[in-house]
Amino acid sequence: MRPSGQLPLTGLLFFSLIPSQLCQICVVNETNFWRLEPLINTMLNANYTKGTLGLNVLLTLRLVGIKNQSLEQQLSQQIKEDINSREMELTSGELALSILGLGACENQDEEFIRDARLVSKLEAKFQAEIQNMEAHDGNPLTNYYQLSLALLALCLFNGSYSVTSVTCYFTPENKNYYFEDQFSVDTGAMAVLALTCVQKNTQKNMDMNAEGKISNYVASLANKIQAERKQGLFGNIFSTGEAMQALFVSSDYYKNEANCRETLRAVFDNISRGAFYLPITAAQILPALMGKTYLDVTNPSCGLNPVKFNTSTEKPGTVTPTTAPLNILVKYSVRINKTSHTEVTVRKGSVFLDVMKAAQEKNETLFRFTVEETSWGPYVTSVQGIKANNNDRTYWKLLSNGQPLSQGVGSHVVQNGDNLEVRWSKY
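Here full-length UniProt numbering is used: the first residue of the sequence shown is 1, the next is one more, and so on.
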């Protein structure tokens with residue numbers, strides 16, 4: 001594989017217009033599709049044990065037209081079983097993503113969506129989010145990423161929603177677009193996609209005032225996304241895919257070929273370095289690189305892909321280490337009103353979560369914690385029995401050597417001498 005700094009620029013991109021998109025887009029040319037094969041293989045070879053782990057993957061496989069019937073059937077069945085067993089527990093975002101994945105590209109799963117009345121149930125969850133915002137200082141039950149995802153699914157699958165609520169709560173200045181004063185690129189991007197759908201929904205009779213407001217919201221959020229550009233990426237590598245989708249439909253950013261080259265160069269570099277090793281991260285970046293957005297799930301173009309990829313369904317083999325693994329020493333602390341410290345010894349190559357487990361074994365009172373499994377991996381929900389709360393905008397912040405993690409607790413590999421901290425925080 002050629003070094004990313006020496007990518008050939010000739011033949012790197014082409015521009016096209018498709019029905020759901022207003023502006024020119026930046027996609028990978030067929031001669032560079034080989035660069036995307038690691039993303040596809042990551043999705044095809046992962047071990048999916050429950051429905052929530054495969055939501056984004058099923059959506060992406062169908063949206064970009066990658067055919068793997070057995071995996072599609074497995075993910076579809078797991079998602080249906082998850083909905084049937086956890087219907088009341090599903091968040092608005094989980095249900096919305098289930099509808100998008102099951103309903104993408106006109107397939108037989110649409111019958112399940114209809115028979116299980118999933119769109120009606122999403123309407124109720126969306127309304128519950130709005131009601132919680134009215135009662136709790138504008139804070140949704142979940143977050144604005146999930147709220148936007150729910151609005152997008154309702155719009156695409158002819159669900160009911162209030163345009164008045166949309167114009168009231170999706171203003172670009174809303175605090176829920178921010179996380180500790182930092183604009184959340186993926187949240188803003190999902191809102192742009194949802195608002196663009198609302199704007200183009202001919203079944204809603206919007207007055208000119210509402211239409212003008214939504215148009216201004218989209219433009220403002222697109223500008224905020226562009227303001228977070230750093231060396232071709234938006235926010236970070238994991239938010240860039242959805243940011244690209246948002247800019248496809250809302251701005252002229254990719255009319256500038258230099259902008260497209262810069263983004264693709266940065267993404268290709270991260271692919272070659274293995275940044276997208278989680279199926280969800282591969283699934284979120286791939287649609288934009290193939291010229292697709294989530295607005296395409298109900299379009300005739302959904303699933304059209306004339307390109308045949310080189311994919312492997314072989315599981316990677318296990319390599320037996322030639323030497324015994326080394327231990328490393330790591331400092332760990334929990335900070336609430338006061339700070340509790342300890343030092344633990346873990347194997348070289350351990351992740352943040354391993355350190356938390358080792359600390360809990362030393363002192364369960366001070367370092368006990370709980371996690372829940374998500375499609376992004378384990379998520380810390382409580383420490384010392386104190387739970388994160390959306391209404392209070394509180395959460396457990398994870399830091400390494402004073403810096404917030406860019407990866408999850410189950411992915412961030414720790415180094416000898418690291419100073420790790422779990423801090424009770426507000427956003």
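Think of the CB as a built atom: it goes at the ideal place given N, C-alpha and C, for glycine as much as any other residue.
Quiz item: Would residue 437 be called buried (16 or more neighbouring beta carbons within 10 Å of its own) or exposed?
Solution: Here the chain covers residues 1 to 427 and nothing more, so residue 437 does not appear.
Quiz item: Can you tell me the Cα-Cα spacing of S98 and N209, whole angstroms?
Solution: The count along the sequence shown starts at 1 and reaches residue 98 at position 98. The count along the sequence shown starts at 1 and reaches residue 209 at position 209. Computed Cα separation, rounded: 33 Å.
Quiz item: Which partner residues does Q403 have in the DSSP bridge list?
Solution: For the purposes of this step, residue 403 is identified with residue 403 of the sequence shown, where counting begins at 1. In the DSSP assignment, Q403 is bridged to S400.
Quiz item: In terms of residues, what are the limits of the beta strand (DSSP E) holding Y161?
Solution: Within the sequence shown, the letter at position 161 stands for residue 161. Judged by DSSP secondary structure, Y161 falls outside any beta strand (DSSP E); it is assigned neither H nor E.
Self-check item: Identity of the residue in A243, L295, P279 nearest L39 by Cα
Solution: Numbered from 1 along the sequence shown, position 39 holds the residue referred to as residue 39. If we check each option's Cα against that of L39, P279 comes out closest.
Quiz item: In whole angstroms, what separates the C-alpha of L141 from that of S340?
Solution: Mapped onto the sequence shown, residue 141 falls at position 141. Mapped onto the sequence shown, residue 340 falls at position 340. If I take the Cα positions, the gap works out to 31 Å.
Quiz prompt | the region 115-126 touching the region 379-393, judged by at least three CB pairs closer than 8 Å | solution = Fewer than three beta-carbon pairs drawn from the region 115-126 and the region 379-393 are found closer than 8 Å, and the two stretches are therefore not classed as touching.
Practice problem: Pull up the CB-CB distance for Q266 and Q231, whole angstroms please, since I reckon it's below 8 Å. | Solution: Position 266 of the sequence shown, counted from the first residue, corresponds to residue 266. Position 231 of the sequence shown, counted from the first residue, corresponds to residue 231. Correcting the residue identity first, residue 266 is Ala in this sequence and not Gln. With 8 Å as the limit, A266 and Q231 qualify as a contact, their Cβ atoms being about 6 Å apart.
Quiz item: In whole angstroms, what is the alpha-carbon distance linking T320 and N132?
Solution: Walking along the sequence shown from the start, residue 320 turns up at place 320. Walking along the sequence shown from the start, residue 132 turns up at place 132. Note that T320 scores 45 on pLDDT, short of 50, meaning its location in the model is unreliable; the coordinates nonetheless yield the value given after this. Going by the C-alpha atoms only, they are around 53 Å apart.
Quiz item: So H136 and N391 are in contact, right, with Cβ under 8 Å, and what is the actual spacing, rounded?
Solution: Here residue 136 is taken as the residue at index 136 of the sequence shown, counted from 1. Here residue 391 is taken as the residue at index 391 of the sequence shown, counted from 1. Separation of the CB atoms of H136 and N391 is rounded to 4 Å, and the pair is thereby assigned contact status at 8 Å.
Exercise. Would you kindly report the start and end of the unbroken beta strand (DSSP E) that includes Y379?
Key: On the sequence shown, residue 379 is found 379 positions in, with the first residue counted as 1. Taken as a continuous stretch (DSSP letters only), the beta strand (DSSP E) holding Y379 covers 377-383.
Quiz prompt | Close beta carbons around S113, own chain, < 8 Å, minus the five adjacent residues each side | solution = Along the sequence shown, one-based indexing puts residue 113 at 113. It should be noted that the sequence gives Ile, not Ser, for residue 113. Excluding positions up to five away in sequence, the list reads I99, L102, G103, V119, F157.
Quiz item: For L193, which residues from the same chain have a beta carbon less than 8 Å from its beta carbon, with the 5 sequence-adjacent residues on both sides left out?
Solution: Walking along the sequence shown from the start, residue 193 turns up at place 193. Scanning its chain for C-beta atoms nearer than 8 Å, with the 5 sequence neighbours on each side dropped, one finds around L193 the residues S148, L152, E242, Q245, A246, V249, T293, Y294, L295, in chain order.
Quiz item: From what residue to what residue does the beta strand (DSSP E) around F238 run?
Solution: Counting from 1 along the sequence shown, the entry for residue 238 is found at position 238. It is not in any beta strand (DSSP E) - F238 carries neither H nor E in the DSSP assignment.
Quiz prompt | Beta-carbon proximity list for Y145, same chain, < 8 Å, skipping 5 on both sides | solution = Counting from one through the sequence shown, the residue named residue 145 turns up at place 145. Contacts found: G93, S184, D186, T187, M190.
Quiz item: By Cβ distance below 8 Å, which residues in the same chain neighbour V409 in space, the five residues on each side in sequence not counted?
Solution: Here residue 409 corresponds to residue number 409 of the sequence shown, with the count starting at 1. For V409, where only same-chain residues beyond five positions count, the Cβ hits under 8 Å are V351, F352, L353, M356, V371, G377, P378, Y379, V380, L398.
Quiz prompt | Contact under 9 Å by Cβ, Y427 with F179 | solution = Translated into the one-based positions of the sequence shown, residue 427 becomes position 427. Translated into the one-based positions of the sequence shown, residue 179 becomes position 179. The Cβ-Cβ distance between Y427 and F179 falls below 9 Å.
Quiz item: Does the separation of the CB atoms of N32 and L264 fall below 9 Å?
Solution: By 1-based counting over the sequence shown, the position of residue 32 is 32. By 1-based counting over the sequence shown, the position of residue 264 is 264. Yes. Within cutoff.
Exercise. Starting from the Cα of N270, find the closest Cα among V414, N389, D181, L36 and give me that residue.
Key: Here residue 270 corresponds to residue number 270 of the sequence shown, with the count starting at 1. Nearest C-alpha to N270: L36.
Quiz item: Three-state secondary structure (DSSP) at S425?
Solution: Along the sequence shown, one-based indexing puts residue 425 at 425. When DSSP states are grouped into helix, strand and coil, S425 belongs to the strand group.
Self-check item: Beta carbon of Y161 nearer than 9 Å to that of V198
Solution: Within the sequence shown, the letter at position 161 stands for residue 161. Within the sequence shown, the letter at position 198 stands for residue 198. Their beta carbons are under 9 Å apart, which means Y161 touches V198 by this criterion.
Quiz item: Considering only residues of the same chain and omitting the five flanking positions on each side of I225, which have a CB-CB separation below 7 Å?
Solution: Along the sequence shown, one-based indexing puts residue 225 at 225. Counting only Cβ-Cβ distances below 7 Å, and skipping sequence neighbours, we find V185, G188, A189, F234, A243, A246, L247.
Quiz item: What does a CB cutoff of less than 7 Å around L58 pick up in its chain, not counting 5 residues either side in sequence?
Solution: Taking the first residue of the sequence shown as position 1, residue 58 is located at position 58. So the list reads E72, L75, S76, I79, G101, once near-sequence residues are dropped.
Quiz item: Any idea if K255 is buried or exposed, counting beta-carbon neighbours within 10 angstroms, 16 or more meaning buried?
Solution: Locating residue 255 in the sequence shown gives position 255, where the first residue counts as 1. With fewer than 16 Cβ atoms within 10 Å of its Cβ, K255 is classed as exposed.
Quiz prompt | Through-space distance from N337 to Y277, alpha-carbon basis | solution = On the sequence shown, position 277 is the one that residue 277 refers to. On the sequence shown, position 337 is the one that residue 337 refers to. Each residue's Cα considered, the two are about 36 Å apart.
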